[in-house]
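Trainee:
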Amino acid sequence: MTIFIFDGTLEGFIGSLPYLWHNSKHGDKLQAQTRQNPEFFTPTVTLNSELTDQYKAPSSVLFRKTKNTLMHCFSSKDSVALEQAPSFLQYMKMNGIQGFTHLADPAIGPVIKAAKKTLSEAHNLKGLLRFRQIRSVLYGPYFSKNFVLPILGRHFKKRLPNLHWLLHDTEHKTGLFYNGKTLTQAFFDDSKALELEKIYEQAGAEDDFEKLWIKYFNTIAIKERYNPELQRSFMPKQYWRFIPEVAGRG
Amino acid sequence: MDVMKKLEILSDSAKYDASCSSSGSFRETPKGGIGNGKSSGICHSWSDDGRCISLFKVLFTNVCIYDCAYCINRRSNDIPRATFTPRELADLTIEFYKRNYIEGLFLSSGIIKNPDHTMELLAEAVRILRKEHLFGGYIHVKAIPGASKELIDKAGQLADRISVNIELPTKESLLRLTDKKHTDIFTPMKQITNGVFESKIERKKSRFAPRFAPAGQSTQLIVGATPETDFTIVKLSQAMYKKFDLRRVYYSAFIPVNADSRLPALREPPLLREHRLYQADFLMRQYKFDADEILNAQNPMLDIALDPKANWAMNHFHLFPVEVNKTEYEMLLRVPGIGPISARRIVRARRAQSLSFDNLRKLGVVLKRASFFIMCKGKRMPAVSERRSDIYQLLAESHDPGPYQLKLFSDVS
Numbered sequence: 000m001t002i003f004i005f006d007g008t009l010e011g012f013i014g015s016l017p018y019l020w021h022n023s024k025h026g027d028k029l030q031a032q033t034r035q036n037p038e039f040f041t042p043t044v045t046l047n048s049e050l051t052d053q054y055k056a057p058s059s060v061l062f063r064k065t066k067n068t069l070m071h072c073f074s075s076k077d078s079v080a081l082e083q084a085p086s087f088l089q090y091m092k093m094n095g096i097q098g099f100t101h102l103a104d105p106a107i108g109p110v111i112k113a114a115k116k117t118l119s120e121a122h123n124l125k126g127l128l129r130f131r132q133i134r135s136v137l138y139g140p141y142f143s144k145n146f147v148l149p150i151l152g153r154h155f156k157k158r159l160p161n162l163h164w165l166l167h168d169t170e171h172k173t174g175l176f177y178n179g180k181t182l183t184q185a186f187f188d189d190s191k192a193l194e195l196e197k198i199y200e201q202a203g204a205e206d207d208f209e210k211l212w213i214k215y216f217n218t219i220a221i222k223e224r225y226n227p228e229l230q231r232s233f234m235p236k237q238y239w240r241f242i243p244e245v246a247g248r249g
Numbered sequence: 000m001d002v003m004k005k006l007e008i009l010s011d012s013a014k015y016d017a018s019c020s021s022s023g024s025f026r027e028t029p030k031g032g033i034g035n036g037k038s039s040g041i042c043h044s045w046s047d048d049g050r051c052i053s054l055f056k057v058l059f060t061n062v063c064i065y066d067c068a069y070c071i072n073r074r075s076n077d078i079p080r081a082t083f084t085p086r087e088l089a090d091l092t093i094e095f096y097k098r099n100y101i102e103g104l105f106l107s108s109g110i111i112k113n114p115d116h117t118m119e120l121l122a123e124a125v126r127i128l129r130k131e132h133l134f135g136g137y138i139h140v141k142a143i144p145g146a147s148k149e150l151i152d153k154a155g156q157l158a159d160r161i162s163v164n165i166e167l168p169t170k171e172s173l174l175r176l177t178d179k180k181h182t183d184i185f186t187p188m189k190q191i192t193n194g195v196f197e198s199k200i201e202r203k204k205s206r207f208a209p210r211f212a213p214a215g216q217s218t219q220l221i222v223g224a225t226p227e228t229d230f231t232i233v234k235l236s237q238a239m240y241k242k243f244d245l246r247r248v249y250y251s252a253f254i255p256v257n258a259d260s261r262l263p264a265l266r267e268p269p270l271l272r273e274h275r276l277y278q279a280d281f282l283m284r285q286y287k288f289d290a291d292e293i294l295n296a297q298n299p300m301l302d303i304a305l306d307p308k309a310n311w312a313m314n315h316f317h318l319f320p321v322e323v324n325k326t327e328y329e330m331l332l333r334v335p336g337i338g339p340i341s342a343r344r345i346v347r348a349r350r351a352q353s354l355s356f357d358n359l360r361k362l363g364v365v366l367k368r369a370s371f372f373i374m375c376k377g378k379r380m381p382a383v384s385e386r387r388s389d390i391y392q393l394l395a396e397s398h399d400p401g402p403y404q405l406k407l408f409s410d411v412s
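Top line first, the protein sequences correspond to chains A and B. Okay, so the first sequence: first residue is 0 according to numbering that gives the first Met the number 0, each after it adds one. Okay, so the second sequence: first residue is 0 according to numbering that gives the first Met the number 0, each after it adds one.
1. Count the other C-beta atoms from every protein chain shown that fall within 10 angstroms of the C-beta of residue 110 of chain A, then say buried if there are 16 or more, exposed otherwise.
2. Please give me, in chain order, every unbroken run of the beta strand (DSSP E) with length at least 3 that falls completely inside the region 96 to 127 of chain B.
3. Name the one or two DSSP bridge partners that residue 218 of chain B has.
4. What residues from the region 337 to 367 of chain B come within 7 Å of chain A, judged by C-beta to C-beta, listed N to C?
5. So is residue 15 of chain A buried or exposed if we call it buried at 16+ other beta carbons inside 10 Å?
6. Which term fits residue 220 of chain B, buried or exposed, when burial requires 16 or more other beta carbons within 10 angstroms of its beta carbon?
7. Can you tell me whether DSSP reads residue 96 of chain A as helix, strand or coil?
8. With a threshold of 8 Å between beta-carbons, can residue 411 of chain B be considered close to chain A, or not?
9. Please report the straight-line C-alpha distance between residue 169 of chain A and residue 132 of chain A, rounded to a whole angstrom.
10. Inspect the CB distances between the region 191 to 204 of chain A and the region 222 to 234 of chain A and report whether three or more fall short of 8 Å.
11. Using 8 Å as the limit for Cβ to Cβ distance, is residue 104 of chain A near chain B?
12. Using only the alpha-carbon positions, how far apart do residue 293 of chain B and residue 205 of chain B sit?
13. For residue 230 of chain A, which three-state DSSP category applies?
14. Does any residue of chain C bring its CB to less than 8 Å from the CB of residue 3 of chain B?
15. Give the residues of chain B in contact with residue 230 of chain A, contact being defined as C-beta atoms less than 8 Å apart.
16. Run through DSSP, which three-state label would residue 283 of chain B get?
17. Counting only Cβ pairs nearer than 9 Å, list the residues of chain A close to residue 192 of chain B.
18. Which residues share a DSSP beta bridge with residue 136 of chain A?
19. Determine whether the beta carbon atoms of residue 351 of chain B and residue 362 of chain B lie at a separation below 8 Å.
20. Can you confirm whether residue 137 of chain B, when its beta carbon is compared against all beta carbons of chain A, has any partner nearer than 8 Å?
21. Could you tell me which of B:137, B:167, B:268 and B:104 sits nearest to residue 58 of chain B, measuring between CA atoms?
22. Report the option in A:75, A:29 and A:226 whose CA atom is closest to the CA atom of residue 6 of chain A.
23. Whose Cβ in chain A lies nearer than 9 Å to the Cβ of residue 99 of chain B?
24. Compare the C-beta of residue 41 of chain B against all C-beta atoms of chain A and say whether one is closer than 8 Å.
25. I need the straight-line Cα distance from residue 200 of chain A to residue 92 of chain B, nearest angstrom please.
26. Is it right to say residue 392 of chain B is buried, meaning 16 or more other beta carbons lie within 10 angstroms of its own, or is it exposed?
27. Is the beta carbon of residue 259 of chain A less than 8 Å from the beta carbon of residue 90 of chain A?
28. Ignore the nearest five residues each way along the sequence and tell me which others in residue 51 of chain B's own chain have a CB closer than 7 Å to its CB.
29. Between the alpha carbons of residue 155 of chain B and residue 134 of chain B, how many angstroms are there, rounded?
30. Can you list the beta strand (DSSP E) stretches of 3 or more residues lying completely in the region 138 to 224 of chain A, in chain order?
31. Hey, does residue 332 of chain B have any beta-carbon neighbour from chain A nearer than 8 Å?
32. Which residue wins for smallest C-alpha separation from residue 377 of chain B, given the options B:387, B:360, B:366 and B:356?
33. Could you have a look at residue 91 of chain A and say whether DSSP puts it in helix, strand or coil?
34. Which residues bound the alpha helix (DSSP H) around residue 369 of chain B?
35. Pair every Cβ in the region 362 to 373 of chain B with every Cβ in the region 334 to 349 of chain B, then say whether three or more of these pairs are closer than 8 Å.
36. Only counting the same chain, and skipping five residues up and downstream in sequence, which positions put a Cβ closer than 6 Å to that of residue 412 of chain B?
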């Protein structure tokens with residue numbers, strides 16, 4: 000068994016996949032530099048750009064699908080599943096697309112499960128994210144456990160292609176700005192985030208459509224069916240801060 | 000009247016419509032426009048009753064010329080009345096959509112003046128959205144029974160889904176509780192079915208041919224307002240799925256909103272019965288069950304203690320246990336605790352290896368229910384009861400809410 004060490008960034012992870020596709024073996028592990036546990040008797044290979052740049056990403060559908068799944072797995076921050084990346088790549092290389100259905104295999108199940116966590120949260124946030132109009136820009140801050148910003152960016156680019164908007168992942172302190180043509184990544188330190196929060200609060204107080212929406216939300220429930228547990232199970236409280244219809248409920 | 004007040008009145012009147020689904024239709028954002036449709040649908044919020052809010056569900060007006068016994072908007076009710084203008088409604092939808100509150104619009108209405116006039120107003124609101132705002136989001140619009148075919152076609156060509164609520168399961172009940180003019184539900188349903196069918200044929204010839212309600216049609220039945228059995232309801236649903244190619248039948252537990260001697264005096268809406276009907280409905284749509292397998296004339300009501308699939312398994316106990324590694328997909332679907340997704344996963348995963356109970360858990364099988372009915376590698380799960388009466392008890396217990404505190408004044412209203 001060999002342990003491959005990468006730099007811990009998404010770019011570093013994506014860059015290392017072609018190398019691992021060609022050079023790893025089933026049973027090898029991948030670890031981020033920051034999460035590395037010292038293992039004295041296991042050979043390790045540190046993946047740097049000099050090493051990984053020698054290998055080109057295969058153009059096959061299989062590699063693309065495998066890479067996407069591993070990227071979603073990376074976004075889930077599930078380091079145990081991520082360790083399986085070399086085994087996952089080799090299993091897919093050997094079994095082809097069918098390999099994705101072999102969920103009972105210890106190299107496949109955890110990776111697919113972690114990737115699904117990311118995709119599932121992204122799907123939820125496609126609905127739960129809320130925009131507020133700040134001048135000509137729609138500003139959408141949100142909380143997420145997994146890093147789903149790229150997925151949300153692609154979704155809203157298709158959905159609101161002629162508007163300007165800014166997505167702000169408050170947990171990962173990253174954002175995406177769309178100017179009607181291109182997406183640009185932005186990083187928010189604490190002072191910028193605080194400044195934006197003030198503007199956001201003010202925009203909420205002035206938005207008549209938000210008041211209409213809250214009125215609508217409060218009216219649409221049937222009191223004979225009142226079921227707040229069910230509501231919370233679908234819409235966990237951790238997301239409530241940026242959902243105006245429930246934000247004030249504590 | 001300002002928009003806030005109108006919205007309050009018209010959303011309050013619309014809340015008894017069960018449907019809020021935005022799935023089944025894929026639509027690209029129009030050039031220069033806003034919004035698209037995702038075939039999976041997206042839920043945007045959940046109201047205090049736990050129901051999903053995907054669409055902006057609202058009535059165009061709650062003024063109605065009819066006097067149906069079960070309806071909150073009936074003519075004889077003394078309630079505040081309001082009517083949107085088509086443009087007000089379209090503008091409100093766009094502003095909500097921009098803020099990502101909704102996936103689209105679900106537009107229903109009381110009958111103002113006559114069915115044609117009402118349908119024309121609904122079609123106009125949809126036209127403004129699609130043609131002026133270039134809106135590509137989801138639109139579900141109600142067809143008004145009695146409206147002309149041209150107007151229903153006009154709305155159907157712009158909307159993703161168009162539907163007519165059947166409301167009650169038999170003609171006798173409809174005649175007893177609704178206005179006579181309001182009982183011809185099947186004519187517009189048939190028109191919509193034909194529209195969808197013709198559109199599909201035309202689109203095979205040319206992909207530029209106009210689409211007609213690409214997300215199909217649905218309907219809604221009120222449960223518990225009339226004495227019909229579950230067997231009648233399930234048979235009716237199955238017939239409608241076959242005859243009108245419906246995507247969904249929604250069931251709505253009867254909530255008494257009017258004091259009317261023709262209606263039963265229920266203390267609580269029959270929510271569990273509604274839930275069991277949804278389960279039976281899923282068995283017909285997703286699990287390839289026939290209505291006659293679920294219920295029959297001798298046993299016309301669904302078991303409240305046990306879900307219909309577990310009930311079927313208990314009544315066909317001699318067919319179990321089945322060997323998971325060999326049984327065909329159709330039989331796997333009939334095992335309680337195994338759904339279409341996990342059945343598909345089993346069929347795929349067992350090509351690579353022989354599955355154990357631990358593997359099944361990883362594939363998403365609910366072993367708490369399935370373990371009574373399956374074997375892996377020729378063996379049953381250890382410490383699992385094989386006695387029919389024990390299994391019934393254990394399965395029924397999983398639905399039992401358990402002990403609860405009685406309310407001292409619960410009978411006082």
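A virtual CB, placed ideally from N, CA and C, is assigned to each residue, including glycine.
Mentor: Taking the geometry as given:
1. For this step, residue 110 of chain A is matched to residue 111 along the first sequence. Buried, because 16 or more other Cβ atoms sit within 10 Å of the Cβ of residue 110 of chain A.
2. If we require 3 residues or more, the beta strand (DSSP E) runs fully inside the region 96 to 127 of chain B come out as 103 to 107.
3. Taking the second sequence and counting its residues from 1, the one referred to as residue 218 of chain B is at position 219. DSSP, once it has assigned bridges, lists B:248 as partnering residue 218 of chain B.
4. 344, 347, 348, 351, 352, 354, 358, 361 and 362
5. Along the first sequence, one-based indexing puts residue 15 of chain A at 16. By the 10 Å Cβ count, residue 15 of chain A comes out buried.
6. Sequence index remark: in the second sequence, residue 220 of chain B carries index 221 (1-based). Buried, since its Cβ has 16 or more Cβ neighbours within 10 Å.
7. As a first step, residue 96 of chain A must be located in the first sequence, where it is residue number 97. In the structure shown, residue 96 of chain A sits in a helix (DSSP, three-state: H, G or I).
8. As a working note, residue 411 of chain B is residue 412 in the second sequence. The predicted position of residue 411 of chain B is uncertain, since its pLDDT is 45 and thus under 50; a value taken from the coordinates is nonetheless stated next. False, the Cβ-Cβ gap to chain A never drops below 8 Å.
9. Here residue 169 of chain A is taken as the residue at index 170 of the first sequence, counted from 1. Here residue 132 of chain A is taken as the residue at index 133 of the first sequence, counted from 1. Looking at the two C-alpha atoms, the distance is approximately 18 Å.
10. no
11. Here residue 104 of chain A corresponds to residue number 105 of the first sequence, with the count starting at 1. Closer than 8 Å: yes.
12. Locating residue 293 of chain B in the second sequence gives position 294, counting from the first residue. Locating residue 205 of chain B in the second sequence gives position 206, counting from the first residue. Residue 293 of chain B and residue 205 of chain B: Cα-Cα distance of roughly 42 Å.
13. Translated into the one-based positions of the first sequence, residue 230 of chain A becomes position 231. Here residue 230 of chain A sits in helix by DSSP.
14. Any reference to chain C falls outside this structure, whose protein chains are A and B.
15. Position 231 of the first sequence holds residue 230 of chain A. Those within 8 Å of residue 230 of chain A in chain B are 45, 46, 47, 48 and 49.
16. Taking the second sequence and counting its residues from 1, the one referred to as residue 283 of chain B is at position 284. Note: residue 283 of chain B maps to helix in three-state DSSP.
17. Your numbering for residue 192 of chain B matches position 193 in the second sequence. Residues of chain A whose Cβ lies closer than 9 Å to the Cβ of residue 192 of chain B do not exist; the shortest such Cβ separation is about 30 Å.
18. Locating residue 136 of chain A in the first sequence gives position 137, where the first residue counts as 1. DSSP output for residue 136 of chain A lists A:133 and A:163 as bridge partner(s).
19. In the second sequence, the residue the question calls residue 351 of chain B occupies position 352. In the second sequence, the residue the question calls residue 362 of chain B occupies position 363. No, they are not a contact pair.
20. Along the second sequence, read from residue 1 onward, the residue named residue 137 of chain B stands at position 138. Answer no: the Cβ-Cβ gap between residue 137 of chain B and chain A never drops below 8 Å.
21. Here residue 58 of chain B refers to the residue found at position 59 of the second sequence. Nearest of B:137, B:167, B:268 and B:104 to residue 58 of chain B, Cα basis: B:104.
22. Start at 1 with the first residue of the first sequence, and residue 6 of chain A comes out as number 7. Looking at the Cα atoms, A:29 is the closest of the given residues.
23. Counted from its first residue, the second sequence places residue 99 of chain B at position 100. Those are 125, 126, 127, 128, 129, 130, 137, 139, 155, 158 and 159, listed as they occur along chain A.
24. In the second sequence, counting from the first residue as 1, residue 41 of chain B sits at position 42. Yes, contact with chain A.
25. Taking the first sequence and counting its residues from 1, the one referred to as residue 200 of chain A is at position 201. Taking the second sequence and counting its residues from 1, the one referred to as residue 92 of chain B is at position 93. Whole-angstrom Cα-Cα distance: 23 Å.
26. Here residue 392 of chain B is taken as the residue at index 393 of the second sequence, counted from 1. When all chains shown are included, residue 392 of chain B counts as exposed.
27. Past the boundaries of the shown model lies residue 259 of chain A; chain A is included only from 0 to 249, so the question cannot be answered.
28. Taking the first residue of the second sequence as position 1, residue 51 of chain B is located at position 52. Counting only Cβ-Cβ distances below 7 Å, and skipping sequence neighbours, we find 19, 42 and 45.
29. Looking up residue 155 of chain B in the second sequence gives position 156. Looking up residue 134 of chain B in the second sequence gives position 135. If you take the alpha carbons of residue 155 of chain B and residue 134 of chain B, they lie about 15 Å apart.
30. DSSP runs (the beta strand (DSSP E)) wholly in the region 138 to 224 of chain A: 163 to 168, 173 to 177 and 182 to 186.
31. As a first step, residue 332 of chain B must be located in the second sequence, where it is residue number 333. No - not a single Cβ of chain A is within 8 Å of the one on residue 332 of chain B.
32. As a working note, residue 377 of chain B is residue 378 in the second sequence. Minimum Cα distance to residue 377 of chain B is reached at B:356.
33. As a working mapping, residue 91 of chain A is identified with position 92 in the first sequence. Note: residue 91 of chain A maps to helix in three-state DSSP.
34. Translated into positions along the second sequence, residue 369 of chain B becomes position 370. Residue 369 of chain B -> alpha helix (DSSP H) spans 366 to 369.
35. yes
36. Within the second sequence, the letter at position 413 stands for residue 412 of chain B. In this predicted model, residue 412 of chain B has a pLDDT of only 38, less than 50, meaning its place in the structure is not dependable enough to derive any value.
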